[in-house]
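For the record, in the sequence shown the residue sitting at position 157 is 156 according to numbering that gives the first Met the number 0, with numbers rising by one throughout.
Glycine is no exception: its CB is placed at the ideal position from the N, C-alpha and C atoms.
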Amino acid sequence: MTEFWEDRYAEKEQIWSGEPNSILVEVVSALTPGRALDLGCGEGGDAVWLAERGWRVTGVDISATAVGRAAAMAKDRGVPQDDITWVTADLATWQPAGSYDLVSAFYMHSPIEFPRDAVLRRAAEAVAPEGHLLIVGHAGFPPWAHAREGHEHDEHHFPGPGEQIDSLALRAGEWDTVLAERRRREVTGPEGQRADIDDVVVLMRRR
Ligand SMILES: C[S@@+](CC[C@H](N)C(=O)[O-])C[C@H]1O[C@@H](n2cnc3c(N)ncnc32)[C@H](O)[C@@H]1O
C-alpha cells in the first residue's frame, strides 16, 4: 500500500495543483473555523487552505513524500507550525485522537486494497457535535483512466450519494444530510485532455 502511493508521488515533483478542492472552498466558507481533519491529505492543498482560514488542521496521508511536500508548502506560505499537524500513517489502522468540527475525505479511492467503509465510519465517529463530515469521491473513472500495473480497474466500485451515506451506518437521529448529490466538473487529464466528470458529494452534520 505505502509503496504504491510512494511510487505514484515519485513519478513527478508535484502531482496535484496545490489549490484547494472547489467543493471544500464552497462548503467551508459557510462554517466557523475550528478543528479539522483531512484524510488522505496528499500534497496539502486543502489542509493548507484550511489553516490559512483559521482552522487548526490535522492532515493524514500514507505517503511520507506527499506529507513532506504538504509541510514544505505550508512553511513556504507562512502557516504557523502549530496550526497544522502532519501525520504519515495508514488510515486502515490509524485512529483519530479527539474530535473535529470538520472531517474531510476527498477522493479517498485506492486501486489497491483499502478498507474505505471502515475508514470513513471511523471518520464519522471523530466528528464533534454540530460538526461536519464532508466526503467527496469520484463517480467513476475519468475517460483517460487505464489499468496500471496492480490496478484492479474493473473491480473498483464507486458508491453513489445514497450508498455512501448508508455505508457510514450513522446512528439514527444523530445526523442531518446537508448535501447528497452528484456534481459535474471540468477536469484536465495527464495529456492535457479536457473532460467533464461527476463527483459524489456527501456533507453530513452531526446534531
Ligand atoms: C487521489 S489522492 C487525493 C489527495 C487529496 N485529498 C486531494 O484531493 O488532492 C488520494 C490520497 O490518499 C492517500 N492514501 C491512499 N491510501 C491511504 C491510506 N491507506 N492511508 C492514508 N492515506 C492514503 C494517497 O497517498 C493520496 O495522497
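By the Cβ test, the stretch 122-140 is in contact with the stretch 104-112, since at least three Cβ pairs between them sit closer than 8 Å.
Bounds of the beta strand (DSSP E) holding TYR99 are 99-105.
Counted as a single uninterrupted DSSP element, the alpha helix (DSSP H) harbouring GLU51 occupies residues 44-51.
Within the model, the alpha-carbon separation for TRP4 versus ASP37 is close to 17 Å.
Under the three-state reduction of DSSP output, ALA73 falls in the helix class. Distance from the CA atom of VAL126 to the CA atom of LEU119, rounded to whole angstroms, is 11 Å. Rounded to whole angstroms, the separation of the alpha carbons of ILE111 and ARG204 is 30 Å.
Comparing alpha-carbon positions, the option among ARG68, TRP48 and TYR99 lying closest to VAL78 turns out to be TRP48.
Residue pairing by DSSP places GLU185 opposite ASP195 in a beta bridge.
Excluding five sequence positions before and after ILE196, the CB atoms of its chain that fall closer than 6 Å to its own CB belong to PRO141 and VAL186, given in chain order. By alpha-carbon distance to THR92, the top candidate from ARG121, THR84, ALA65 and THR64 is ARG121.
The C-beta distance from LEU101 to GLY130 rounds to 6 Å, short enough to fall under 8 Å.
The beta carbon of ALA194 lies closer than 7 Å to those of PRO141, PRO142, VAL186 and GLY188 in the same chain, with the five residues before and after it left out. Using a 10 angstroms sphere on the CB of ARG76, the tally of other CB atoms stays under 16, which defines it as exposed.
Counting along the chain, GLU129 sits inside no alpha helix (DSSP H); it lies in the beta strand (DSSP E) bounded by residues 126-137. Within the same chain, and ignoring the five residues on either side of PHE157 in sequence, the residues whose Cβ sits closer than 6 Å to its Cβ are HIS137, ALA138 and GLY139. Rounded to whole angstroms, the separation of the alpha carbons of ALA65 and ARG183 is 27 Å. The Cβ atoms of ILE22 and VAL199 do not sit closer than 8 Å to each other. Pairing ILE83 with ALA46 gives a Cβ-Cβ distance under 8 Å. Taken from the Cβ of VAL201, every heavy atom of ligand 1 lies 7 Å or farther away. Contact check for GLU42 and ALA69: beta-carbon distance about 5 Å, within the 8 Å limit, so the pair qualifies.
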